[in-house]
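Asks:
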Amino acid sequence: PLCRGELPAGPDQLFEEAARRYFVVEARVERGETSWGALSTADEREMKEVVQLLKNAAAQGSVEAAFNLGVMYFNGRGVQQDYAEAVKFYRRAAEQGYAMAQCNLGNMYDNGRGVQQDYAEAVKWFRRAAEQGYAMAQFNLGVMYEDGQGVQQDFSKSAFWFEKAASQGYDQAKLALEQLRLKQIRASSKDSPVSANDVRGVCAHCAAHPSGGTSLKSCSRCGIVFYCGRDCQAAHWKAGHKKSCKARKGT
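In the numbering used here, the protein residues as written are 3 to 253.
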């Protein structure tokens, strides 16, 4: 029989070992025995090894390792805070399709941390995460459409993404929808500089725009979202609008 030496640890093993050792230090911080800003010499040495394990795992393709390195550099936990390094590792994970990393990278571009502020780039990464169903990114994308940052201002698209996030129980999105409703009321006034079509121009379920002289119908309960037909309204209700709509009605 052939003699085989021990195989080197793969990315999953490296990540699991790093996580195990990280949580030991974190537990000491939570117990008040030390702090992230003033780690003991032993804990600093341990965190250096944790970072190296994560970097080795990320180099072998571990998206979780890359994302967690980004979080550590962003917060300055176990490493010196470095937004540029955070962007580097968020991007590595984001380019592998990791929704949380895509959203965090969007935030970095939105706020100009570690990169030059670029709203269009922020929208790009928010959208990639939002299309995967990540509620925070859906909310952030809604904000970008509401404020007209990185995209043309579009209240209908803003409402569409807020509703997506709200249907998952994202409270900030529910509040944003309430505030957007006030803008819709203002938009319906003939004295408003905002066109009613801007806020009523997209179906909340399929995102389609009306055509051929047709118009969208608002939800009869909340009046915030609009539909191109009964089929979309029924599908959206089953998909989660039932819960968020009732919450807004106070029932």
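Yeah, the Cβ is synthetic: ideal placement off N, Cα and C, and Gly gets one too.
Quick check: the Cα distance between GLU97 and ALA68, rounded to an integer number of angstroms?
Replies: 11 Å
Asks: Which residues in the same chain as GLY12 place their Cβ atom closer than 8 Å to its Cβ, once the five residues preceding and following it in sequence are excluded?
Replies: GLN62
Asks: Taking C-beta to C-beta, are VAL89 and MET110 nearer than 8 Å?
Replies: yes
Asks: Can you tell me whether LYS159 is buried or exposed? The criterion is at least 16 other CB atoms within 10 Å of its CB, across all chains shown.
Replies: buried
Asks: Could you check which residue in ASP149, ALA168 and ALA161 has the C-alpha nearest to that of ARG183?
Replies: ALA161
Asks: With a threshold of 16 other CB atoms inside 10 Å of the CB of SER197, please say whether the residue is buried or exposed.
Replies: At SER197, the pLDDT of 44 sits below 50, so the modelled position is not reliable; the number obtained from the coordinates is stated separately. Answer is exposed; the Cβ neighbour count stays below 16.
Asks: Write down every uninterrupted run of the alpha helix (DSSP H) in the region 33-88 whose length is 4 residues or greater and which is fully enclosed by it, in chain order.
Replies: DSSP runs (the alpha helix (DSSP H)) wholly in the region 33-88: 43-61 and 65-77.
Asks: Which runs of the alpha helix (DSSP H) spanning at least 4 residues fall entirely within the region 114-158, listed in chain order?
Replies: Considered as a whole, the region 114-158 harbours 121-132 and 137-149 as its complete alpha helix (DSSP H) runs of no fewer than 4 residues, in chain order.
Asks: Starting from LYS219, follow its DSSP beta bridges and name the residues at the other end.
Replies: TYR229
Asks: Considering only residues of the same chain and omitting the five flanking positions on each side of LEU41, which have a CB-CB separation below 7 Å?
Replies: MET49
Asks: Below 8 Å CB to CB, which residues in the same chain sit around PHE141 once its five sequence neighbours on both sides are set aside?
Replies: TRP163, PHE164, ALA167, TYR172, GLN174, ALA175 and ALA178
Asks: From this set, TYR136, GLY114 and ARG79, which residue's C-alpha is nearest ALA101's C-alpha?
Replies: TYR136
Asks: Could you give the distance in angstroms between the alpha-carbon of TYR85 and the alpha-carbon of PHE76?
Replies: Between the alpha carbons of TYR85 and PHE76 lies a distance of about 5 Å.
Asks: Please classify GLU19: does DSSP put it in a helix, a strand, or coil?
Replies: Three-state result, GLU19: helix.
Asks: Which residues in the same chain as VAL117 place their Cβ atom closer than 7 Å to its Cβ, once the five residues preceding and following it in sequence are excluded?
Replies: The answer, listed in chain order, is VAL89, MET110 and TYR111.
Asks: Among the candidates GLN170, GLU148, GLY99 and GLY152, whose CA atom is the shortest distance from the CA of LYS185?
Replies: When each option's Cα is compared against that of LYS185, the closest is GLU148.
Asks: What does the Cβ neighbour count give for ALA122, buried or exposed, with the cut at 16 atoms within 10 Å?
Replies: Using a 10 angstroms sphere on the CB of ALA122, the tally of other CB atoms stays under 16, which defines it as exposed.
Asks: Keeping to the same chain, check which residues put their C-beta closer than 7 Å to that of ARG130; ignore five residues upstream and five downstream.
Replies: GLN104
Asks: Give the secondary structure of GLN181 by DSSP, where H, G and I count as helix, E and B as strand, and everything else as coil.
Replies: helix
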